[in-house]
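If you count by UniProt numbering, then the sequence shown holds residues 1 to 358, one letter each, in order.
Here the structure is laid out as structure tokens; the discussion comes afterwards.
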Amino acid sequence: MAWLLLLQATVGFAASVILFWVFLSRSNWIAGEKGEGRKFKKAIERFFQLLVPSIALDAIPLLGWVDWGGMKKDMKRTAAEMDSVLSVWLEEHKMREKKRGKDSGEEEEADFMDVMLSRVKELQQIEGGYDEDTVVKATCLALIIGGTDTTSVSLAWVLCFTLSHPDVLKKVQDELATHVGDRRNVEEADLKNLVYLQAVVKETLRFAPAVGFVVTHEAMEECAVGGFRVPAGTRLLVNLRKMQLDPAVWGGDGNDDDDDPSEFRPERFLTGRGAGVDVRGQHFECIPFGSGRRMCPGLSFALRVIHLVLARMVHGFEMKMNISEEEDWKKRLRIAADPSASDVKVLLTPRLPSQLYE
1 MAWLLLLQAT
11 VGFAASVILF
21 WVFLSRSNWI
31 AGEKGEGRKF
41 KKAIERFFQL
51 LVPSIALDAI
61 PLLGWVDWGG
71 MKKDMKRTAA
81 EMDSVLSVWL
91 EEHKMREKKR
101 GKDSGEEEEA
111 DFMDVMLSRV
121 KELQQIEGGY
131 DEDTVVKATC
141 LALIIGGTDT
151 TSVSLAWVLC
161 FTLSHPDVLK
171 KVQDELATHV
181 GDRRNVEEAD
191 LKNLVYLQAV
201 VKETLRFAPA
211 VGFVVTHEAM
221 EECAVGGFRV
231 PAGTRLLVNL
241 RKMQLDPAVW
251 GGDGNDDDDD
261 PSEFRPERFL
271 TGRGAGVDVR
281 GQHFECIPFG
291 SGRRMCPGLS
301 FALRVIHLVL
311 ARMVHGFEMK
321 MNISEEEDWK
331 KRLRIAADPS
341 ASDVKVLLTP
351 RLPSQLYE
């Protein structure tokens with residue numbers, strides 16, 4: 001048995017998975033706790049600690065001149081640390097690419113940076129006048145930063161919701177017992193059969209999207225939204241949490257599955273109003289990843305990770321939270337800008353044959 005600091009564990013897991021996918025060729029480097037690997041991980045951690053106050057500066061431009069506690073200097077130093085490591089890594093990828101071109105032997109598996117290097121060379125012109133190296137590094141970093149935070153937060157929420165609702169946990173366990181059994185681990189191919197587990201993930205993303213507001217939009221010309229006049233140049237925020245809990249959309253017709261949109265009920269995505277609704281930006285009543293051109297680019301990756309981790313955790317372990325009151329753990333997850341500051345813990349006890357953990 002072992003207690004895990006939930007948010008710290010999910011951040012570490014999400015970061016490791018994303019880094020492995022983006023930089024497959026350096027998996028040993030990622031796993032290391034010394035040198036450049038440790039430097040890059042620490043820089044990412046510091047980035048998230050600086051993120052919340054920086055959002056306030058972006059939202060209120062008049063505060064742009066304020067530099068609380070030398071935050072701007074700290075941000076520049078953190079960015080420089082990440083860039084220096086990425087630059088070294090990029091040069092190694094270029095050298096590997098040249099070596100592959102000369103070697104007629106078996107090719108190594110390409111990672112995301114390899115693909116980006118290949119694709120950027122196909123562009124005749126790069127928007128904004130940026131050079132190829134900057135585009136590759138910026139794209140890789142955006143994927144790492146954006147994917148780590150949102151995926152880890154969603155993982156923490158879905159585990160907490162599942163564990164705090166014993167009836168939901170039992171249904172997920174029963175579904176896993178039916179389709180997987182206890183003689184092997186859950187594989188990605190099993191996920192298509194786990195329809196109740198899919199509903200649990202959808203309900204979590206409806207109830208608690210990782211990002212409360214979509215990316216800020218600016219009205220290019222005067223328009224009307226919900227009966228209100230919006231002058232040109234106005235910045236607009238879509239409140240996802242409010243929209244996805246709207247009784248006009250998710251409740252009020254007398255159906256038990258739909259009565260209270262503020263109640264966690266995965267069944268609403270099976271037989272209720274949410275039946276047939278996906279979370280990929282096509283149904284506007286539930287768009288936790290946004291929609292259109294500026295929706296989350298890591299949507300498919302995040303969903304794969306969240307579904308598989310939830311399935312493997314519920315299948316492989318009996319789990320217990322250190323905080324029983326739902327409103328208490330919700331509050332503690334929301335305020336934790338620094339993952340290590342959240343004291344929500346989960347106790348893990350293996351429930352499968354020991355050889356499956358080797």
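Glycine included, C-beta positions come from ideal geometry on N, C-alpha and C.
For residue i, which of helix, strand or coil comes out of DSSP?
i: His217; result: strand
i: Phe23; result: coil
i: Asn239; result: strand
i: Val120; result: helix
i: Cys286; result: coil
i: Leu194; result: coil
i: Ala224; result: strand
i: Asp257; result: Below a pLDDT of 50, predicted positions are generally treated as unreliable, and Asp257, at 48, falls in that range; the measurement from the model is reported next regardless. Three-state result, Asp257: coil.
i: Ala15; result: helix
i: Ala138; result: helix
i: Val277; result: coil
i: Arg229; result: strand
i: Ala208; result: coil
i: residue 372; result: The structure shown does not extend to residue 372, since the chain spans only 1 to 358, so no value can be given for it.
Would residue i and residue j be called neighbours here (beta carbons separated by less than 7 Å)?
i: Met321; j: Leu169; result: no
i: Gly251; j: Pro261; result: yes
i: Leu6; j: Val346; result: yes
i: Val172; j: Val279; result: no
i: Phe161; j: Phe264; result: yes
i: Asp190; j: Val180; result: yes
i: Glu221; j: Pro231; result: no
i: residue 363; j: Asp182; result: The first residue shown for the chain is 1 and the last is 358, placing residue 363 beyond what the model contains.
i: Ala110; j: Thr78; result: no
i: Val277; j: Ala210; result: no
i: Glu132; j: Val85; result: no
Enumerate in chain order the residues of its own chain whose CB-to-CB distance from residue i is below 6 Å, with the five nearest sequence positions on each side excluded.
i: His217; result: Leu236
i: residue 359; result: Lying before the first or after the last residue shown, residue 359 is absent from the chain, which here runs from 1 to 358.
i: Ala2; result: Leu348
i: Pro247; result: Pro261
i: Glu285; result: Val249
What does a CB cutoff of less than 7 Å around residue i pick up in its chain, not counting 5 residues either side in sequence?
i: Arg294; result: Val215
i: Asp257; result: With a pLDDT of 48 at Asp257, under the threshold of 50, the modelled position of that residue is not reliable, and the figure given next carries that caveat. Only Arg265, Glu267, Arg268, Thr271, Gly272 meet the Cβ criterion.
i: Thr139; result: Met116
Are there 16 or more other CB atoms within 10 angstroms of the CB of residue i, so buried, or fewer, so exposed?
i: Glu175; result: buried
i: Ile126; result: exposed
i: Thr148; result: buried
i: Thr204; result: buried
i: Lys121; result: exposed
i: Arg184; result: exposed
i: Gly292; result: exposed
i: Gly129; result: exposed
i: Asp10; result: In the sequence as displayed, the identity of residue 10 is Thr instead of Asp. It counts as buried.
i: His283; result: exposed
i: Leu123; result: exposed
i: Ser118; result: exposed
Looking at the C-beta of residue i, does it have a partner C-beta in chain D at a distance below 7 Å?
i: Lys331; result: The displayed structure is made up of one protein chain only, and chain D is not part of it.
Which residues in the same chain have their Cβ closer than 8 Å to the Cβ of residue i, if we skip the five residues on either side of it in sequence?
i: Val305; result: Ala14, Val17, Thr151, Leu155
i: Trp329; result: Cys160, Ser164, Met321, Ile323, Val344
Fill in: Ordered list of alpha helix (DSSP H) runs contained in the region 295-358, each at least 4 residues
299-316, 326-334
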